[in-house]
Amino acid sequence: MTDNSVVKAALRKQAIELPSWAFANSGTRFKVFGQPGVPRTPHEKIADAAQVHRYTGVAPSVALHIPWDTVDDYGELAAYAREQGVRIGTINSNVFQDDDFKLGSVANPDPAIRAKALDHLLACVDVMDATGSADLKLWFADGTNYPGQDDVRVRQDRLAEALEAVRDRLSPDQRMLLEYKLFEPAFYTTDVPDWGTAYAHCLKLGDRAQVVVDTGHHAPSTNIEFIVAFLLREHKLGGFDFNSRFYADDDLMVGAADPFQLFRIMYEVVRGGGFEPEEGIAFMLDQCHNIEPKIPGQIRSVLNVQEATAKALLVDAEALSAAQRAGDVLGANAVLMDAYNTDVRPLLAELRAEEGLDPDPMAAFARSGYMEAIAAERVGGQQAGWGA
1 MTDNSVVKAA LRKQAIELPS WAFANSGTRF KVFGQPGVPR TPHEKIADAA
51 QVHRYTGVAP SVALHIPWDT VDDYGELAAY AREQGVRIGT INSNVFQDDD
101 FKLGSVANPD PAIRAKALDH LLACVDVMDA TGSADLKLWF ADGTNYPGQD
151 DVRVRQDRLA EALEAVRDRL SPDQRMLLEY KLFEPAFYTT DVPDWGTAYA
201 HCLKLGDRAQ VVVDTGHHAP STNIEFIVAF LLREHKLGGF DFNSRFYADD
251 DLMVGAADPF QLFRIMYEVV RGGGFEPEEG IAFMLDQCHN IEPKIPGQIR
301 SVLNVQEATA KALLVDAEAL SAAQRAGDVL GANAVLMDAY NTDVRPLLAE
351 LRAEEGLDPD PMAAFARSGY MEAIAAERVG GQQAGWGA
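Structure below.
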């Protein structure tokens, strides 16, 4: 078994990015539920995200969503984030909430609407320039609902053209991360439905285009860790959107549905060298906390990733390799299961204490009084939520 000091040294390098929208109101397709103290501005979202980093020590960046996080001065917003002890991370585009995009955005049959969508994507690169962000996240709701609605091959041509234009706008130290989703809102074809489609586009786009693996965006029973291993091998894994699902949608807290799957994914990350900071893989949460409190939900999610990573780091690589070479099926499986069944909470508590943090982040935040303070202070104005 790997020495605990080695595991701790690796965990000290861990960084998990938080999504600004996770601190806003969200809900189901039928109802968005409000909560006391929900942020009204991007600044308040960042302040809440900073609380997660304050108590976990591993959440130093916040992803923005444009136009949900639009401000007049992005340089000032980035400076405010630094004052709070975090930084601006990935910039997420939004080409799915405008009436013009009913039939798609960059794959729309109307060239004027395609141009409008591309203008938004390029404007997001301007935001990156102003905030110092290195990553642009692209997710498209584009697709069709009925056979014959549009030419599915031509739609791929339109998509490729837009991606090339965005790639050409990026500076050498910036990259684009292409996400995929099996379905929704399109019910017949989706223009980027799976990792293979995303990979094919990124392969043609070159080094500044990589694939994002959203852990909730697959068909049931998909082996996500295989996808992770393949993309790592090809140096095309740009990042994660961590969440989980039980049925056909995502956005539940990561590890809630299948913590063993999260462990298996993180093992492939560790085994493939993707955990090293120089690999540049963005480990981001992508969740909507509908019924649970926002900040504690994010803390719990961060801890779930941290625990899965610690277990993955505990896998005895030499013993596993020896069992695999010998064809020892049960022995190899036992090596993985031994690591997964290890209670890493004491180890992580020790690590936090060594870093000057409270060993129990959830309890420490609950004692802080921050939730009560923002509920009292954030009265009036428009709470942030889907589309705001």
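Counted from 1, the sequence shown has number 349 at position 349 by full-length UniProt numbering; the numbering is strictly sequential.
By construction, the Cβ of each residue, glycine as well, lies at the ideal position given by its N, Cα and C atoms.
This structure is a prediction, so every number in the text was calculated from the model and none was measured.
Could you give the residue range of the alpha helix (DSSP H) that holds residue i?
i: residue 120; result: 111 to 131
i: residue 266; result: 259 to 271
i: residue 6; result: 4 to 11
i: residue 375; result: 370 to 377
i: residue 283; result: Per DSSP, residue 283 belongs to no alpha helix (DSSP H); it is in the beta strand (DSSP E), 282 to 285.
i: residue 224; result: 224 to 233
Within 10 angstroms of its Cβ, does residue i collect 16 or more other Cβ (buried), or is it exposed?
i: residue 167; result: buried
i: residue 220; result: exposed
i: residue 113; result: buried
i: residue 320; result: buried
i: residue 303; result: buried
i: residue 216; result: buried
i: residue 372; result: exposed
i: residue 133; result: buried
i: residue 60; result: buried
i: residue 345; result: exposed
i: residue 81; result: buried
i: residue 146; result: exposed
i: residue 155; result: buried
What does DSSP give as the partner residues of residue i in its beta bridges?
i: residue 244; result: 252
i: residue 136; result: 91, 176
i: residue 384; result: Paired residue(s): none; residue 384 is not in a bridge.
i: residue 144; result: 189
i: residue 239; result: 212, 282
i: residue 18; result: 62
Is the shortest distance between the beta-carbon of residue i and the beta-carbons of chain C less than 7 Å?
i: residue 99; result: Judged by its chain identifiers, the structure shown contains no chain C, having just a single protein chain.
Which two residues bound the contiguous beta strand (DSSP E) that contains residue i?
i: residue 209; result: 209 to 214
field: Runs of alpha helix (DSSP H) wholly within the stretch 292 to 367 (minimum 4 residues, chain order)
entry: With a minimum length of 4 residues, the continuous alpha helix (DSSP H) runs that stay inside the stretch 292 to 367 are 294 to 313, 317 to 325, 329 to 340, 345 to 354.
- request: Report the residue ranges of all alpha helix (DSSP H) runs contained in full by the stretch 20 to 102; include only those spanning at least 4 residues, in chain order.
  value: Within the stretch 20 to 102, the complete alpha helix (DSSP H) runs of at least 4 residues fall at 42 to 56, 74 to 83.
field: Contained alpha helix (DSSP H) runs [length at least 4] in the stretch 146 to 197, N- to C-terminal order
entry: Listed in chain order, the complete alpha helix (DSSP H) runs (minimum 4 residues) inside the stretch 146 to 197 are 152 to 169.
message: Tell me whether the stretch 277 to 296 and the stretch 18 to 26 touch, counting them as touching only if at least three CB pairs, one residue from each stretch, are closer than 8 Å.
response: Three or more beta-carbon pairs separated by less than 8 Å link the stretch 277 to 296 to the stretch 18 to 26, which places the two stretches in contact.
- prompt: Counting pairs of beta carbons, one from the stretch 337 to 352 and one from the stretch 304 to 315, are three or more of them closer than 8 Å?
  reply: Touching, per the Cβ criterion.
- prompt: Are the stretch 351 to 367 and the stretch 54 to 67 touching by the rule of at least three beta carbon pairs closer than 8 Å?
  reply: Touching, yes.
query: Counting Cβ pairs closer than 8 Å, one from the stretch 128 to 143 and one from the stretch 191 to 202, do we hit at least three?
result: Segment contact: the stretch 128 to 143 against the stretch 191 to 202, three or more CB-CB distances shorter than 8 Å; contact assigned.
query: Would the stretch 4 to 13 and the stretch 30 to 49 be scored as touching if the rule is three or more Cβ pairs under 8 Å?
result: Counting Cβ pairs under 8 Å, fewer than three are found: no touch.
query: Is the stretch 207 to 215 close to the stretch 168 to 175, with three or more CB pairs under 8 Å?
result: The answer is yes - the stretch 168 to 175 touches the stretch 207 to 215, with three or more Cβ pairs under 8 Å.
- prompt: Quick check: the stretch 246 to 256 against the stretch 228 to 238, are there 3 or more CB pairs under 8 Å?
  reply: They do not touch, by the three-pair rule.
query: At a cut of 8 Å, does the stretch 113 to 131 reach the stretch 59 to 73 through at least three beta carbon pairs?
result: A contact exists between the stretch 113 to 131 and the stretch 59 to 73.
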